[in-house]
Structures are given as structure tokens and as C-alpha cells.
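Position 123 of the sequence shown, counting from 1, maps to 123 under UniProt numbering, and the rest follow consecutively.
Beta carbons: idealized from backbone N, C-alpha and C, even for Gly.
Values in this document were obtained by computation on a predicted structure and should not be read as measured data.
This report concerns only the one structure given below.
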Amino acid sequence: LPCELQPHGQVNCNWLFLKSVPHFSAGAPRANVTSLSLISNRIHHLHDSDFVHLSNLRVLNLKWNCPPAGLSPMHFPCRMTIEPNTFLAVPTLEELNLSYNGITTVPALPSSLVSLSLSRTSILVLDPTHFTGLHALRFLYMDGNCYYKNPCPRALEVAPGALLGLGNLTHLSLKYNNLTEVPRRLPPSLDTLLLSYNHIV
1 LPCELQPHGQ VNCNWLFLKS VPHFSAGAPR ANVTSLSLIS NRIHHLHDSD
51 FVHLSNLRVL NLKWNCPPAG LSPMHFPCRM TIEPNTFLAV PTLEELNLSY
101 NGITTVPALP SSLVSLSLSR TSILVLDPTH FTGLHALRFL YMDGNCYYKN
151 PCPRALEVAP GALLGLGNLT HLSLKYNNLT EVPRRLPPSL DTLLLSYNHI
201 V
């Protein structure tokens, strides 16, 4: 395994130019992995089987693997594809960071999720079907999906009531998205709403 094994089940695979998720052998106890960081690699496709053997995985960071064209150092467009059961296969997952990746829709997610970051991606539409069953989700970050460094054909669209099913959501950040109005029918549990650097007047 090319990654650094750290205490308390943490595995650091950052900046290794990986093109796929590394597979843990019997020599690296898969059940002990609680946190896996894959920041700044070159992983463009996620498979259903990538994390299925990590039975205690709680934290997964995939930031900066396949950035949108405006955020890419060479301005090359990249689109990350995610198979349907990639994250559903990890029912223990609590924290997921997919920021700075060219994904265009919210992937299917496990009900265990508490914190989700989809900032600086290519997601421009949010509707209720994207968050079905995420009753544990408390933190949602979707900053910078439509601004000058990450240009888009239209502003982020949050359908009325799109987040209403997130009954425990307390923190929502939608900065830098060219929004022209405050999203409607937000969950009553919300206590922090960040909307700076939009066009709300």
C-alpha cells in the first residue's frame, strides 16, 4: 500500500498521483480503517467496490481529484463519474468531502452521513430526490459552484423544499453561487445559513 498508515485507523493517501482507490491487502487490516484521505490525486472514476471492504470507514476525503476546468491548474475540464452504490456500500460513513471535483449531480448517499461537502463542483441543481433518507445530515457545504473561478452557464438552482427532508440540518453554506434569492422552504432545524458573495438584493 503506497499510503501512510496513521494511528487510530487513519490512512493518508494524499498527493500520490493515484488514478484509482488503493486496495487494502490482508496485511493492512481493512476493518481498522476509520478515516481515508485521498486529496489531490487523479481519481476520475469511483466504482461500487472501491470502499465496500472498509467496514468501519467513517471519514472519506476525495477533494481535488478531478477539478472543473476553471479550477484546474491547466484549465482542462474533468468530469468525475461515480457508480450508483459507491457510497451506499459504506453504511458507517459520517463525513464525505467531494469538493473540487467535476461532478454534476449529488450521488446516492448512505443515511449515516452527518457532514457533506460538495463545494466547487459542477452541481447546479438541487432537488428533494438528491437527499432522500439523509436524516442524520447536519452540515452541508455547497460553496463556489458558480462564480468567476468556477464559471457556469447559470446560477445554482435550489428547488423550493429541496432540503426540507433534512430534518437535522443545522449548518448550510451556499456562498459564491450567483443566487438571486434565498432558497425557499428550508428545514426548521437550520441555525446557520451562509449566503455571502451571491446576488441577493
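Legend entry - Buried versus exposed, by CB contacts within 10 Å (16 or more), H75: By 1-based counting over the sequence shown, the position of residue 75 is 75. It counts as exposed.
Legend entry - Identified DSSP bridge partners for S35: Numbered from its first residue, the sequence shown carries residue 35 at position 35. S35 is bridged to Q10, V59.
Inset, instruction - Write down the C-beta distance between D143 and Y176 rounded to the nearest angstrom, noting that I regard them as a contact closer than 8 Å. - result: Locating residue 143 in the sequence shown gives position 143, where the first residue counts as 1. Locating residue 176 in the sequence shown gives position 176, where the first residue counts as 1. The pair is a contact, with the Cβ atoms about 5 Å apart (cut-off 8 Å).
Inset, instruction - Check whether the Cβ of T129 sits closer than 8 Å to any heavy atom of the ligand GTP, and report yes or no. - result: As presented, the structure is devoid of all ligands, the ligand GTP included, so that no description of it is given.
Legend entry - Contact between the segment 73-88 and the segment 156-173 (3+ Cβ pairs under 8 Å): no
Inset, instruction - Quick one: grab the DSSP three-state call for L93. - result: Position 93 of the sequence shown, counted from the start, is the residue given in the question as residue 93. Note: L93 maps to coil in three-state DSSP.
Legend entry - Between the CA atoms of F24 and R138 - distance to the nearest angstrom: Counting from 1 along the sequence shown, the entry for residue 138 is found at position 138. Counting from 1 along the sequence shown, the entry for residue 24 is found at position 24. Looking at the two C-alpha atoms, the distance is approximately 30 Å.
Legend entry - Nearest-angstrom Cβ-Cβ length linking G70 and N198, presumed shorter than 8 Å: In the sequence shown, the residue the question calls residue 70 occupies position 70. In the sequence shown, the residue the question calls residue 198 occupies position 198. Incorrect: roughly 18 Å between the Cβ atoms, too far for contact.
Legend entry - Per-residue burial, T121 [other beta carbons within 10 Å of its own, 16 or more giving buried]: Here residue 121 corresponds to residue number 121 of the sequence shown, with the count starting at 1. Label assigned to T121: buried.
Inset, instruction - Could you tell me how far apart the beta carbons of L113 and L98 are, in whole angstroms, since I believe they sit closer than 8 Å? - result: Here residue 113 refers to the residue found at position 113 when the sequence shown is read from its first residue. Here residue 98 refers to the residue found at position 98 when the sequence shown is read from its first residue. For L113 against L98, the beta-carbon gap comes to about 11 Å, at or over 8 Å, which does not count as contact.
Inset, instruction - Under 8 Å by Cβ, that's how I've got L62 and V33 pegged, so tell me the actual separation to the nearest angstrom. - result: The residue you call residue 62 lines up with position 62 of the sequence shown. The residue you call residue 33 lines up with position 33 of the sequence shown. With 8 Å as the limit, L62 and V33 do not qualify as a contact, their Cβ atoms being about 15 Å apart.
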